[in-house]
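Numbering (the UniProt record's numbering), first residue to last: 1 to 176.
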């Protein structure tokens, strides 16, 4: 009888341990998926920030080149790797993001690039609001351009006017 109880206890312990290992493995796999999810959109955000930085410098050729990089990042996103809420917003904004990036990359007219950047910023904002960016993002607003943009820095550097009105604007939202 004692041997039966010990054998039963051993079997139950082994089953419990196997179940815990399986559960921990599932947690690790889902954790890995989350990392992939974050990096899916992070490359789009990073490319957006390089476009913004080129506009701050008022360098239309650099802006065009960085918009091509943004287009590459957009097309590289694997929608099946996005979280449900990100996927929903992605489906709403991907055509606009693509069109804006193409438009900015196709011209070296700084005025046109900045005008299109307004739409690009709005759609990037919609997307960043539902995702978990790697760092704090600041939504900033310029009353002169009546437009928003996103920045990794709290300090205002205006992409709509560059050096002529570099610090025009203020932080209107902090996204964490």
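Ideal placement from N, C-alpha and C gives every residue a C-beta, glycine not left out.
With a cutoff of 8 angstroms on beta-carbon distance, residue 105 and residue 68 are scored as near each other.
Taking 8 angstroms as the upper bound for CB-CB distance, residue 121 and residue 146 are not in contact here, some 12 angstroms apart.
Residue environment analysis places residue 92 among the exposed positions, since fewer than 16 neighbouring C-beta atoms fall within 10 angstroms of its C-beta. Considered as a whole, the region 86-174 harbours 110-130 as its complete alpha helix (DSSP H) runs of no fewer than 4 residues, in chain order.
In the structure shown, the three-state DSSP call for residue 59 is coil. The three-state reading of DSSP puts residue 44 in helix, counting H, G and I together. The way I'd put it, the region 74-92 doesn't touch the region 162-173; fewer than three beta-carbon pairs between them come closer than 8 angstroms. With respect to residue 66, residue 47 sits close: the two C-beta atoms are nearer than 8 angstroms. Residues 40 of the same chain have their beta carbon placed closer than 7 angstroms to that of residue 78, with the five preceding and five following residues left out of the count. The C-beta distance from residue 107 to residue 151 rounds to 23 angstroms, too long to meet the 8 angstroms contact threshold.
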